[in-house]
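*Asks:* Residue numbers (the working numbering): 812 to 1055.
Sending over a structure as structure tokens; questions will come in a sec.
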Amino acid sequence: MREELRETIQAAHSFHAESKGLLKNTAMESFTKNALQSVINKFQELYPEVIIEVHINSHLVDIVGEGFDIVFRSGQFQDSPFIASYLARNRSVLVASPEYLIRYGKLDTMEDLQKLPVGGFATDTFRISELKYTDVQNQVQTMPMDCAYFGNDIDLVVQQALSGRIYCKFPAVHIRDEVLSGKLVPILTDLKIPYYNPFYAVYPHRDMSMRTRLFLDAVRNSIGEDTPCWESNIPGKGVATGLN
């Protein structure tokens, strides 16, 4: 009994000692804005002695060398010695502005989409100008898109979609506010479009600090177990297999 009591007291001391100090994390901007920031605010209300440092980027980082406690990424680190814990799916959604839909009418079929101006993504090494989907026979199809605009930054393409000049496919996490406000409207939500790589929490080892574990639990609870919080106003499910 005395041994159990001593262990309980030691655990309580460890909890209070580790629920303060610096917690350093990194994530892409849209994930930080739509999944992390509200958690950070509530977490620091519960644990005011925890200092949270956020680095917004999407490139590979030196987790140990740069002192990160936890990294949030879409897709796992290949051949990585670190722990990658699944957080949520990363659904892709077709959207258009209300002005676009007024101009071109209701979009119900792939034939409707194929002949209309769309936005695409381009870099120095690749260009996305087609849409992959799964048809009613469960066969993967590829539709060439009539791209009227390309951008190498997703926010550029979002702004062009908001202008009413194009429709586009975006990660649902990136357009949460635009969908909630009605500035962008999901279209063909029953169409089976492959997901992007899912979101993971990546950390150096399983024996993480108490403050990091508490923060990760808070992030999980906020996102939800099945449908991520940023999909709350988007019907349909897409499809979890295949490549974009």
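For every residue, glycine included, the Cβ atom is placed at its ideal position computed from N, Cα and C.
(1) Where does Thr1023 fall in DSSP's three states?
(2) Would you check if the stretch 1028–1036 and the stretch 940–953 touch, i.e. whether three or more CB-CB distances between them fall below 8 Å?
(3) Tell me, which residues are paired with Lys943 by DSSP?
(4) Can the beta-carbon of Ile998 be found less than 8 Å from the beta-carbon of Leu927?
(5) Alpha carbons only, please: which of Asn901, Lys831, Glu860 is nearest the one belonging to Thr1038?
(6) Quick one: give me the first and last residue of the beta strand (DSSP E) that Lys980 is part of.
(7) What does the alpha-carbon distance come out to for the pair Val850 and Ala1029?
(8) In whole angstroms, give me the CA-to-CA distance for Gly916 and Val996.
(9) Once you ignore the five residues that flank Gln821 on each side, which residues in its own chain have a CB closer than 6 Å to its CB?
(10) If contacts are defined as beta-carbon pairs under 8 Å, then Leu942 and Lys980 qualify, I think. What distance do you get, rounded to the angstrom?
(11) Have a look at Met1021 and Ile874 and give me their C-alpha separation to the nearest angstrom.
(12) Glu860 to Gly832, Cα distance in whole Å?
(13) May I ask you to report which of helix, strand or coil DSSP gives Asn845?
(14) Assign Glu860 to one of three DSSP states: helix, strand, or coil.
(15) Helix, strand or coil for His985, going by three-state DSSP, please let me know.
(16) Which stretch, first to last residue, makes up the beta strand (DSSP E) that contains Tyr915?
(17) Counting along the chain, where does the alpha helix (DSSP H) carrying Leu967 start and finish?
*Replies:* On the basis of the coordinates in this document:
(1) The count along the sequence shown starts at 1 and reaches residue 1023 at position 212. In this structure, Thr1023 counts as helix in the three-state DSSP scheme.
(2) As far as the Cβ criterion goes, the stretch 940–953 does not touch the stretch 1028–1036, which means the pair count is below three.
(3) In the sequence shown, counting from the first residue as 1, residue 943 sits at position 132. Under DSSP, Lys943 forms a beta bridge with Thr953.
(4) Counting from one through the sequence shown, the residue named residue 998 turns up at place 187. Counting from one through the sequence shown, the residue named residue 927 turns up at place 116. One thing to note: Ile998 has its Cβ no nearer than 8 Å to the Cβ of Leu927.
(5) Residue 1038 sits at position 227 when you count from the first residue of the sequence shown. Considering only alpha carbons, the answer is Asn901.
(6) Numbered from its first residue, the sequence shown carries residue 980 at position 169. In this chain, the beta strand (DSSP E) harbouring Lys980 covers 979–982.
(7) Here the question's residue 850 lines up with position 39 in the sequence shown. Here the question's residue 1029 lines up with position 218 in the sequence shown. Straight across, the Cα-Cα distance linking Val850 with Ala1029 is about 7 Å.
(8) Within the sequence shown, numbered from 1, the residue matching residue 916 stands at position 105. Within the sequence shown, numbered from 1, the residue matching residue 996 stands at position 185. Between the alpha carbons of Gly916 and Val996 lies a gap of roughly 13 Å.
(9) In the sequence shown, residue 821 corresponds to position 10, counting from 1. Unreliable positioning characterises Gln821 in this predicted model, as indicated by a pLDDT of 43, which lies under 50. The coordinate reading is nonetheless provided below. Beyond the five residues adjoining it in sequence on each side, Gln821 comes within less than 6 Å, by CB distance, of no other residue in the same chain.
(10) As a working note, residue 942 is residue 131 in the sequence shown. As a working note, residue 980 is residue 169 in the sequence shown. Rounded, the Cβ-Cβ distance is 7 Å, consistent with contact.
(11) Within the sequence shown, numbered from 1, the residue matching residue 1021 stands at position 210. Within the sequence shown, numbered from 1, the residue matching residue 874 stands at position 63. Using only the alpha carbons, I get a separation of about 18 Å.
(12) To locate residue 860, count along the sequence shown from 1; it is residue 49. To locate residue 832, count along the sequence shown from 1; it is residue 21. Looking at the backbone, the Cα of Glu860 and that of Gly832 are separated by about 6 Å.
(13) Locating residue 845 in the sequence shown gives position 34, counting from the first residue. Helix at Asn845.
(14) Along the sequence shown, one-based indexing puts residue 860 at 49. In the structure shown, Glu860 sits in coil (DSSP, three-state: anything other than H, G, I, E or B).
(15) As a working note, residue 985 is residue 174 in the sequence shown. In the displayed model, His985 falls within a helix according to three-state DSSP.
(16) Residue numbering aside, residue 915 sits at position 104 when the sequence shown is read from its first letter. Judged by DSSP secondary structure, Tyr915 falls outside any beta strand (DSSP E) and instead within the alpha helix (DSSP H) spanning 909–915.
(17) The sequence position of residue 967 within the sequence shown is 156, counting from 1. Per DSSP, Leu967 is one residue of the alpha helix (DSSP H) stretching across 965–973.
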